[in-house]
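>
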Amino acid sequence: MIWKIFARLPSKWNDAEDYARECYQAGIIAIGWNKLGDLNATESFAELRGKLKEGWGGEAESGAKTIGQWAGTLWSFRNKVKAGDYVICPDSDSGRYYVGIINSDSVFYDETTLGGKCNFAHRRKVKWVRVLNLGEIQSIWPGGRFGGNQTLSEVEKGAERFMKFLKKKRSAFVPRSRVSSHPDMEWGKEAEARAMVWLGERGYQPTNVAHLNVGWDITCGNSRFEVKGRKSPRSAVRLSQNEWRAAKKFKREYTVLIFTAPTKEALQMTTPMQIPDPTRTESWTPRVMYEYILAE
Numbered sequence: 084m085i086w087k088i089f090a091r092l093p094s095k096w097n098d099a100e101d102y103a104r105e106c107y108q109a110g111i112i113a114i115g116w117n118k119l120g121d122l123n124a125t126e127s128f129a130e131l132r133g134k135l136k137e138g139w140g141g142e143a144e145s146g147a148k149t150i151g152q153w154a155g156t157l158w159s160f161r162n163k164v165k166a167g168d169y170v171i172c173p174d175s176d177s178g179r180y181y182v183g184i185i186n187s188d189s190v191f192y193d194e195t196t197l198g199g200k201c202n203f204a205h206r207r208k209v210k211w212v213r214v215l216n217l218g219e220i221q222s223i224w225p226g227g228r229f230g231g232n233q234t235l236s237e238v239e240k241g242a243e244r245f246m247k248f249l250k251k252k253r254s255a256f257v258p259r260s261r262v263s264s265h266p267d268m269e270w271g272k273e274a275e276a277r278a279m280v281w282l283g284e285r286g287y288q289p290t291n292v293a294h295l296n297v298g299w300d301i302t303c304g305n306s307r308f309e310v311k312g313r314k315s316p317r318s319a320v321r322l323s324q325n326e327w328r329a330a331k332k333f334k335r336e337y338t339v340l341i342f343t344a345p346t347k348e349a350l351q352m353t354t355p356m357q358i359p360d361p362t363r364t365e366s367w368t369p370r371v372m373y374e375y376i377l378a379e
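What follows is the structure, given as structure tokens:
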């Protein structure tokens with residue numbers, strides 16, 4: 084079976100941040116409603132509905148209908164999602180879709196924070212096998228629409244096309260893209276400063292290590308962030324040979340943050356595109372001067 088699972092709370096709630104990247108990097112898929120406690124301790128669907136009504140009844144937009152949808156999501160996450168099933172987790176921050184295989188037999192409860200602030204406690208272990216961009220998704224599902232909009236939904240239409248697509252090997256290198264290969268050099272330090280603030284807001288404790296020339300700009304525990312700033316999407320995103328080697332070495336622990344803003348004032352409010360594990364999940368254009376240009 085194929086499941087579409089969002090690692091975020093509904094956008095109408097105060098905390099609507101997307102934790103897809105954190106789940107990808109941690110090798111799990113997680114959903115919220117922590118106050119329920121361990122789902123394995125809930126004996127029936129009716130009991131689950133009752134707990135949801137008691138804890139979140141005031142936030143249920145459509146009353147009993149919404150409570151029922153939430154209960155269905157959690158019950159399916161515990162009982163219907165099986166080891167060996169595929170999961171697709173959309174990431175609104177990067178426009179990517181993480182594809183993995185469930186490899187835990189049961190749901191488990193763990194409030195340990197993932198990355199910065201993600202403490203979604205209902206979790207399943209996942210072996211992430213692919214990252215798809217919007218164009219690839221649209222080649223499988225025309226229009227890019229599949230599954231439902233709720234936290235968890237089964238994907239039935241296009242399942243055969245999806246499985247066939249996964250058998251195709253992605254090319255890591257493509258011909259030079261049409262974007263300018265000249266970087267916005269003055270945006271570098273400004274983008275790093277913005278990244279430090281943004282990561283702090285996400286619950287990380289960032290340290291700027293750009294001056295050490297280690298292949299990334301900011302360290303947060305085991306996570307490494309390379310920061311890129313540009314004034315327009317028409318400017319290329321480049322990785323130096325040093326950055327490329329670091330990305331290849333640290334894989335999922337290495338993320339490129341791309342800040343795009345026309346002015347320094349706008350930059351202070353910009354949310355970055357996040358690309359984890361960039362050498363494996365994206366296509367690049369190699370250059371003889373040992374740089375790699377993101378093919379957009």
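Whatever position you read off the sequence shown (first residue = 1), add 83 for the numbering used here. All C-beta atoms in this analysis are idealised placements derived from N, C-alpha and C, irrespective of residue type, glycine included.
#1: Near residue 111, what residues of its chain come up, given a Cβ to Cβ distance below 8 Å and the 5 sequence neighbours on each side ignored?
#2: Tell me, to the nearest whole angstrom, how far the beta carbon of residue 188 is from that of residue 166; I am working on the premise that it is less than 8 Å.
#3: Output needed for residue 273: all residues of its chain with C-beta closer than 8 Å, excluding positions within five of it in sequence on either side, in chain order.
#4: From which residue to which residue does the alpha helix (DSSP H) around residue 106 run?
#5: Which residues in the same chain have their Cβ closer than 8 Å to the Cβ of residue 447, if we skip the five residues on either side of it in sequence?
#6: So if DSSP puts residue 169 in a beta bridge, which residue, or which two residues, is it bridged to?
#7: Using only alpha-carbon positions, find the residue among 88, 159 and 341 that is nearest to residue 275.
#8: Using CA coordinates, which residue listed in 162, 239 and 213 is at the minimum distance from residue 123?
#9: What's the call for residue 48, buried or exposed, on a 16-neighbour Cβ count within 10 Å?
#10: Bridge partners for residue 91 per DSSP, in chain order?
#11: Mapping the DSSP letters down to three states, classify residue 334 as helix, strand or coil.
#12: Have a look at 339, 157 and 362 and flag the residue whose alpha-carbon is nearest the alpha-carbon of residue 116.
#13: Please look up how many angstroms separate the CB atoms of residue 321 and residue 360, rounded, as I've assumed it's under 8 Å.
#14: Which complete beta strand (DSSP E) runs does the region 311 to 361 hold, if anything under 3 residues is left out?
#15: When we look at the beta-carbon of residue 195 and count the other beta-carbons within 10 Å, is it buried (16 or more) or exposed?
#16: Inspect the beta-carbon positions of residue 160 and residue 92 and report whether they are closer than 7 Å.
#17: Go ahead and label residue 228 buried or exposed: buried means 16 or more other beta carbons lie within 10 angstroms of its beta carbon, across all protein chains shown.
#18: I need the DSSP call for residue 291, collapsed to helix, strand or coil.
#19: Hey, would you say residue 183 sits closer than 7 Å to residue 224, going by beta carbons?
#20: May I have the straight-line CA-CA distance separating residue 174 from residue 220, to the nearest angstrom?
According to the structure data:
#1: Counting from one through the sequence shown, the residue named residue 111 turns up at place 28. Closer than 8 Å at Cβ, skipping near neighbours: 197, 206, 207, 208 and 209.
#2: For the purposes of this step, residue 188 is identified with residue 105 of the sequence shown, where counting begins at 1. For the purposes of this step, residue 166 is identified with residue 83 of the sequence shown, where counting begins at 1. The Cβ separation is near 5 Å, so the contact holds.
#3: Translated into the one-based positions of the sequence shown, residue 273 becomes position 190. Apart from the 5 residues on each side of it in sequence, residue 273 sits with its Cβ closer than 8 Å to the Cβ of 312, 347 and 350 in its chain, given in chain order.
#4: On the sequence shown, residue 106 is found 23 positions in, with the first residue counted as 1. 103 to 109 is the span of the alpha helix (DSSP H), which, as asked, contains residue 106.
#5: With the chain covering 84 to 379 only, the question about residue 447 has no answer from this structure.
#6: As a first step, residue 169 must be located in the sequence shown, where it is residue number 86. Beta-bridge pairing by DSSP links residue 169 to 85 and 184.
#7: The count along the sequence shown starts at 1 and reaches residue 275 at position 192. Nearest of 88, 159 and 341 to residue 275, Cα basis: 341.
#8: Taking the first residue of the sequence shown as 1, we reach residue 123 at position 40. Selected option, being the one with the closest Cα: 162.
#9: Because the chain spans 84 through 379 in this model, residue 48 falls outside it and cannot be assessed.
#10: In the sequence shown, the residue the question calls residue 91 occupies position 8. Answer by DSSP bridge pairing, in chain order: 101.
#11: Stepping through the sequence shown from its first residue, residue 334 is reached at position 251. For residue 334, the secondary structure class from DSSP, reduced to helix, strand or coil, is helix.
#12: Numbered from 1 along the sequence shown, position 33 holds the residue referred to as residue 116. Taking only the C-alpha atoms, the option nearest residue 116 is 157.
#13: Here residue 321 refers to the residue found at position 238 of the sequence shown. Here residue 360 refers to the residue found at position 277 of the sequence shown. Your pair residue 321 and residue 360 does not check out as a contact, with CB atoms roughly 18 Å apart and the cut at 8 Å.
#14: Runs of the beta strand (DSSP E) spanning 3 or more residues and lying entirely within the region 311 to 361 occur at 321 to 323, 337 to 343 and 356 to 359, in chain order.
#15: Taking the sequence shown and counting its residues from 1, the one referred to as residue 195 is at position 112. Exposure of residue 195 is indicated by the presence of fewer than 16 other C-beta atoms within 10 angstroms of its C-beta.
#16: As a working note, residue 160 is residue 77 in the sequence shown. As a working note, residue 92 is residue 9 in the sequence shown. No.
#17: On the sequence shown, residue 228 is found 145 positions in, with the first residue counted as 1. Burial call: exposed.
#18: Taking the first residue of the sequence shown as 1, we reach residue 291 at position 208. Here residue 291 carries a strand assignment [DSSP, helix/strand/coil].
#19: The residue given as residue 183 occupies position 100 in the sequence shown. The residue given as residue 224 occupies position 141 in the sequence shown. Cβ distance not < 7 Å, so residue 183 and residue 224 don't count as in contact.
#20: Here residue 174 refers to the residue found at position 91 of the sequence shown. Here residue 220 refers to the residue found at position 137 of the sequence shown. Between residue 174 and residue 220, the C-alpha separation is close to 13 Å.
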